[in-house]
Amino acid sequence: MSSNSDAAQGLRPQSPADSGATVTVTNLRSGYAAGPDVFAGVNLTARPGEVTTLLGPNGCGKSTLLRSISRLLEPREGEVKVDGSSVYGLRPKESAQLIALQPQTPIAPDGLTVGELVARGRYPHRARWRGESAHDREVIDAAVKDAELTEFVDRDVASLSGGQRQRAWFAMALAQETPVLLLDEPTTYLDPAHAIDMLNLVKKVARDGRTVVMVLHDLMLAGMFSDRMVMMRDGVVICDGNPAEVLTPANLESVYGLDAEIIDDAQGGYPIIVPRGSANGRVASEGC
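Quick note: the sequence shown, position 266, residue 266 per UniProt numbering, numbers continuous.
In structure tokens:
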């Protein structure tokens with residue numbers, strides 16, 4: 001795994017985000033309104049310079065966990081700390097300077113251009129009376145370029161394809177310049193080539209020193225681009241470790257009901273999943 005000391009050169013000039021921050025989740029339990037718990041007893045640590053990926057079937061609590069980490073959803077029990085300080089004691093602006101969240105299906109206001117959307121990522125860093133600074137413009141332009149959206153900067157967000165819109169929201173999250181970046185299925189609507197391009201950029205952002213926590217459904221891509229994985233089922237963490245520790249035949253059968261063989265990729269160093277079919281209800285032993 002990488003650390004701050006071996007992080008690559010940044011996508012843009014040195015910024016506060018490059019220092020990273022450690023996210024610590026302790027005994028977290030969350031749910032909505034008067035409904036049942038979505039997850040309970042969740043513990044995890046996400047570190048600077050690493051991509052931590054949340055895995056699991058639909059409805060297991062991955063997106064709700066991201067919302068709880070970002071303080072959009074206050075938990076029923078437990079704590080989320082960033083570098084030792086609780087996120088729930090922060091004011092909204094302070095939180096937005098620390099944590100950026102790219103939701104799964106965000107909606108842009110009508111008539112908003114790509115450039116205007118990305119520029120909104122700078123709002124947490126501005127005083128009300130201050131306009132856009134030279135540094136703001138530099139960060140916005142770099143985020144647009146990194147997301148390969150330069151030719152679309154004056155286009156209405158609503159006119160873009162699903163994949164282009166996904167990249168526009170990612171560019172806004174980059175422009176927010178936070179040490180912690182939360183991504184809920186960032187490859188949604190992207191074709192395979194653009195999905196890999198997106199995750200290469202996510203990996204580079206982490207190597208530059210940021211802390212990245214993302215949700216992915218594509219297990220193959222998760223194995224390629226994750227430093228750590230947290231696999232969930234029915235609101236409980238089943239396994240937490242590196243891709244080789246998490247993507248095992250036993251875990252895939254237990255969590256996904258999938259009968260699969262795992263092959264080690266000699267060149268890339270990540271596990272390749274070869275599905276054989278459904279596990280037909282068999283339940284394997286749990287845990288790493």
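Think of the CB as a built atom: it goes at the ideal place given N, C-alpha and C, for glycine as much as any other residue.
Contact check for R228 and G209: beta-carbon distance about 16 Å, past the 8 Å limit, so the pair fails to qualify. Only residues of its own chain outside the window of five on either side were considered, and among them M224 have a CB closer than 7 Å to the CB of G268, listed in chain order. Straight-line measurement puts the Cα of T52 at about 16 Å from the Cα of K81. With distances taken between CA atoms, A96 lies nearest to R120 out of T113, R120, P75. Scanning the region 191 to 234 from its first residue to its last, the whole alpha helix (DSSP H) runs of 4-plus residues come out as 192 to 207, 219 to 225. In the three-state reduction of the DSSP assignment, I273 falls in the strand class, which pools E and B. Apart from the 5 residues on each side of it in sequence, A46 sits with its Cβ closer than 6 Å to the Cβ of V23, T52, T211, V213 in its chain, given in chain order.
Closest in alpha carbon position to L221, among I238, V236, N200, D234, is N200. Excluding sequence positions up to five before and after A195, its CB lies within less than 7 Å of the CB of T187, L221, all in the same chain and listed in chain order. For A143, the uninterrupted alpha helix (DSSP H) run begins and ends at 134 to 146, by DSSP. With a contact defined as Cβ atoms closer than 8 Å, V118 and A175 qualify at about 5 Å.
Boundaries for L112: no alpha helix (DSSP H) harbours it, and the DSSP string shows neither H nor E there. Around the C-beta of P271, 16 or more other C-beta atoms lie within 10 Å, and the residue is accordingly described as buried.
Ranked by how close their Cα comes to the Cα of H217, the residues K203, N58, Y32 have N58 in first place. Note: D264 is bridge-paired with P271 in the DSSP secondary-structure output. Taking a contact as a CB-CB distance under 8 Å, the pair A173 and V114 does not count as one, their CB atoms being some 14 Å apart.
Listed in chain order, the beta strand (DSSP E) runs fully inside the region 30 to 76 are 37 to 46, 51 to 55, counting runs of at least 3 residues. Around the beta carbon of E151, a 10 Å sphere encloses fewer than 16 other beta carbons of the protein chains shown; the residue is thus reported as exposed.
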